[in-house]
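Start counting the sequence shown at 1231; every next residue gets the next number (the numbering used here).
Every residue gets a Cβ at the ideal spot worked out from N, C-alpha and C, and that includes glycine.
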Amino acid sequence: MKAYQIVDKGIDALKQVNVQPEDLKAGQVRVKMHAASLNYRDIMAVKGDYGELETPVIPCSDGAGEIVELGKDVKNWKVGDRVCPIFFQGWTDGALGNAAAKTALGGHMDGVLREEGVFNANGVVKIPDYLSYEEAACLPCAALTAWHALVVSGGIKSGDKVLMLGSGGVSIFALQIAKMHGCETIITSSDDDKLEKTKKLGADHVINYKKNPDWDKQVMEITKGKGVDHVIEVGGPHTMPKSVNSVSYGGHVAVIGLLAGKDSDFNPLSLLYKVVKLQGIYVGSRAMFEDMNTAFTVNEIRPQIDKVFTFDEAKEALKYQEAGKHFGKVVIKI
Ligand SMILES: NC(=O)c1ccc[n+]([C@@H]2O[C@H](COP(=O)([O-])OP(=O)(O)OC[C@H]3O[C@@H](n4cnc5c(N)ncnc54)[C@H](OP(=O)(O)O)[C@@H]3O)[C@@H](O)[C@H]2O)c1
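Written out as structure tokens, the structure reads:
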């Protein structure tokens, strides 16, 4: 079976190898992978910037495929079922705990950039019928993180104002989820063409954060001095002060990423004065994934795929994502 392995730091060090298929144990399913999608985290992992990984390890958390073999005692699946492995193989429901936090695909455990994989029967979810494998491969991390942030943590409701930073995978899903809930949306990007694309997805207000470095002031103007109810904070400590400036009294900032770097002189007292709810988000559970799939199916939410690469072009795909040229998701067909 062909797979990619992280053996050393750097995209060029990623190695395509032939590995023995794993044994199938009771309670497990064998999945033939058809597609994987990339997340910023995968770039960090491949470049050796994602903590200490035990190598060799197969990268990428997000994939979609088809069950080709059932282990003993597996009753809830059949051969041919279309499934996505879940990001945290051990997080099925409730709150994330110590043990489950160490079961992330493409980090603690082998990921999905391979021709087939063995997963626990409760470590996969059914793919909605209307989605292709390429589209479904975008859901496990990026979409679920946005869903967890806005729906589970934020409890969004129609009429809420939502701010998304940048036009990467998580932010574009957040835009789609916010529109699906009847929210007023503001999104930023460094690229005017990308901002035009966000308008086609329903963005109500757009801001070029390169041309307008004080984008928080623009958010305040748009919201007539009130601020937004939710911020999808993917920038990190460096953008956090402006995200907090942009949020309303009692508003909610979902702390998700670090696209703008790790350093900052952010003062947490600003949260106190505005009674801001700051909530860390780490992807989501299987139960959240299933709820999201139900809502996506009813609303026919389609992941925004920028470009599809072949399996042999995986390094080019990672470099394309690293360059930030994409809008939404970058996919690898397997
Ligand atoms: N906590 C979690 O569970 C979780 C889950 C998924 C992702 N994440 C994190 O969330 C972040 C986003 O992940 P992703 O996979 O969606 O990333 P991505 O698709 O690679 O996003 C890339 C885009 O981010 C935007 N960007 C870059 N620097 C920015 C800045 N200073 N301000 C605003 N936007 C900026 C750019 O958009 P424009 O080209 O439009 O400017 C760029 O194209 C990453 O830090 C990732 O590690 C966390």
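A residue is called buried once 16 or more other Cβ atoms fall within 10 Å of its Cβ, and Val1247, having fewer, is exposed. Per DSSP, Tyr1270 is one residue of the alpha helix (DSSP H) stretching across 1270-1276. Excluding the 5 residues flanking it on each side, Ala1544 has same chain C-beta neighbours closer than 8 Å at Tyr1234, Leu1244, Gln1246, Leu1343, Ile1562, in chain order. Secondary structure at Pro1315: strand, using DSSP grouped into helix, strand and coil. When C-alpha distances from Asp1422 are compared across Leu1405, Gly1487, Glu1299, Asn1442, the shortest belongs to Asn1442.
The region 1431-1459 is shown to contain whole alpha helix (DSSP H) runs of 4 or more residues at 1445-1452, in chain order. In this structure, DSSP gives Gly1399 a helical state, which the three-state scheme calls helix. Taking a cut-off of 8 Å for Cβ pairs, the region 1499-1518 and the region 1315-1326 touch, as three or more such pairs fall below it. Approximately 6 Å separates the beta-carbon atoms of Ala1351 and Gly1257; this is inside 8 Å, confirming the contact. Shown here for Ala1376: same chain residues with a beta carbon closer than 6 Å to its own, the five before and five after excluded, namely Val1400, Phe1403, Ala1404, Ile1407 in chain order. Residue pairing by DSSP places Arg1344 opposite Ala1233 in a beta bridge. Taking a C-beta distance under 8 Å as the contact criterion, Gly1336 and Pro1370 do not qualify as a contact pair. DSSP, reduced to helix, strand and coil, places Ser1515 outside both helices and strands of the structure shown, so it counts as coil. Between the beta-carbon of Val1506 and that of Val1477 there is about 6 Å, and that keeps the pair under the 8 Å contact cut. Under the three-state reduction of DSSP output, Lys1387 falls in the coil class, being neither helix nor strand.
The beta carbon of Val1485 lies closer than 7 Å to those of Glu1463, Leu1508, Gln1509, Gly1510, Ile1511 in the same chain, with the five residues before and after it left out. Ranked by how close their Cα comes to the Cα of Ser1383, the residues Ala1266, Gln1250, Met1518 have Met1518 in first place. Ile1416 is positioned such that its CB atom lies closer than 8 Å to that of Asp1434. Taking 7 Å as the cut-off, one finds no heavy atom of ligand 1 near enough to the beta carbon of Leu1431. Residue nearest to Tyr1503 within the set Lys1492, Asp1495, Gly1481 is Gly1481 (criterion: CA-CA distance). The beta carbon of Lys1440 sits closer than 7 Å to those of Ser1420, all from its chain and outside the five residues before and after it, given in chain order. For Thr1418, the secondary structure class from DSSP, reduced to helix, strand or coil, is strand.
Beta-bridge analysis with DSSP links Gly1510 to Val1485. Secondary structure of Tyr1360 (DSSP, three-state): coil. The beta-carbon separation of Val1483 and Leu1268, rounded to 26 Å, does not stay under the 8 Å limit for a contact. Boundaries of the alpha helix (DSSP H) around Leu1548: 1544-1552.
Taking every protein chain shown into account, the CB of Lys1305 has fewer than 16 other CB atoms within 10 angstroms, so this residue is exposed. Within the chosen limit of 7 Å, ligand 1 does not reach the beta carbon of Val1458 with any heavy atom. Ligand 1 never approaches Leu1343 closely enough for any of its heavy atoms to be under 7 Å from the residue's Cβ. A direct Cα-to-Cα measurement between Gly1320 and Gly1341 gives close to 14 Å. Sorting Lys1424, Thr1285, Glu1296 by C-alpha distance to the C-alpha of Met1339 places Thr1285 at the top. In summary, Ser1473 is buried, with 16 or more beta-carbon neighbours lying within 10 Å of its beta-carbon over all protein chains present. Of the heavy atoms belonging to ligand 1, none sits nearer than 7 Å to the Cβ of His1338. Annotation for Asp1421 indicates a beta carbon within 7 Å of some heavy atom of ligand 1.
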